[in-house]
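Asks: Its first residue numbered 52, the sequence shown is counted upward by one per residue in our numbering. Can you keep this structure in mind? I'll have questions shortly.
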Amino acid sequence: MTQLPPFFRALVIGSSGTIGSAFVELLQADAACAEVVGIHRHSEYPIDYQHPETIEAAAKALSLSDPFQLIINTVGVLHGKDWMPEKRLADLNSEQLIDLMKINAIGPALTIQHFSKLLDPKHSVMATLSAKVGSIEDNRLGGWYSYRASKAALNMLIKTAAIELARTKPHARLIALHPGTVNSKLSQPFRGEHIGRPALDAATDMLKVIQNLGQEDSGCFFSYSGEKLPW
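Listed below in structure tokens is the structure:
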């Protein structure tokens, strides 16, 4: 049984990014999707995690339309123009830790707070892109302190929100999704252009995972392959 009903409405957050735009393209071509809305920093209803007030404002603006059966948040950052992932404990600095927490954990948490109100209580999914390196149990190589910590924090926030949402919207699902290595600006400095997959392939795989979720899968962490990942 698929999780998404026929003629569902979808919202892609971060739709100007590599994976976000692939989701928009995929959903626009899906006959079962009645409408897909994309938002980003420069859209009609802008959302910018450097300015948290835009999160609530965008959600309020979109709440005037019909509810969504699918919301996908693809926003995330691994590196910036001034820094790269830390290889050693000696590389840690507070600015980098704060920036990644803001974009990878705090912003998505506030997005769940405000945008979960837009989910159809009858049948819906909100998927947030996380990363396998955010799994504490799976951490075997070390390094990448800020990125790992921010994604681990995100995973906890998703799990906690899913427990609460089960009380108010028992037919809505919150999940964390690992997209794998994708050909994108995020992965490019790490040979992503050589070892990654096309974004459309990654989006297709993740949509299949979403379509096959059961009620018991809310609050879980999945890979694009459908494998349930350890926290």
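We treat Cβ as the ideally placed atom computed from N, Cα and C, and that holds for glycine.
Please list, in chain order, all residues of the same chain as Val184 whose beta carbon is under 8 Å from its beta carbon, the five residues on each side excluded.
Replies: Answer for Val184: Asn190, Trp195, Tyr198, Arg199, Lys202, listed in chain order.
Asks: Any contact of the region 161 to 177 with the region 109 to 127, i.e. 3+ C-beta pairs under 8 Å?
Replies: Yes, the region 161 to 177 touches the region 109 to 127.
Asks: Between which two residues does the alpha helix (DSSP H) harbouring Thr105 extend?
Replies: Its alpha helix (DSSP H) spans residues 104 to 113.
Asks: Can you tell me the Cα-Cα spacing of Leu225 and Ala212, whole angstroms?
Replies: Cα-Cα distance, rounded: 8 Å.
Asks: How about Phe74 and Leu121: do their beta carbons lie closer than 7 Å?
Replies: It is not a contact, given that the beta carbons lie outside the stated cut-off.
Asks: Would the region 218 to 232 count as touching the region 262 to 274 if we require 3 or more Cβ pairs under 8 Å?
Replies: A contact exists between the region 218 to 232 and the region 262 to 274.
Asks: By Cβ distance, which residues of its chain are closer than 7 Å to Ser181, with the 5 residues on each side in sequence left out?
Replies: Only Lys202, Leu205, Asn206, Ala227, Leu228, His229, Phe272 meet the Cβ criterion.
Asks: Please report how far the alpha carbon of Ser94 lies from the alpha carbon of Ala217, in whole angstroms.
Replies: Looking at the two C-alpha atoms, the distance is approximately 31 Å.
Asks: Taking the continuous beta strand (DSSP E) assigned at Leu60, which residues delimit it?
Replies: The identity of residue 60 in the sequence shown is Arg, whereas the question assumes Leu. Per DSSP, Arg60 belongs to the beta strand (DSSP E) from 59 to 64.
Asks: Using 7 Å as the threshold, is the C-beta distance between Ile209 and Thr179 below it?
Replies: Cβ atoms of Ile209 and Thr179: closer than 7 Å.
Asks: Inspect the beta-carbon positions of Gly127 and Asn155 and report whether they are closer than 7 Å.
Replies: Cβ atoms of Gly127 and Asn155: closer than 7 Å.
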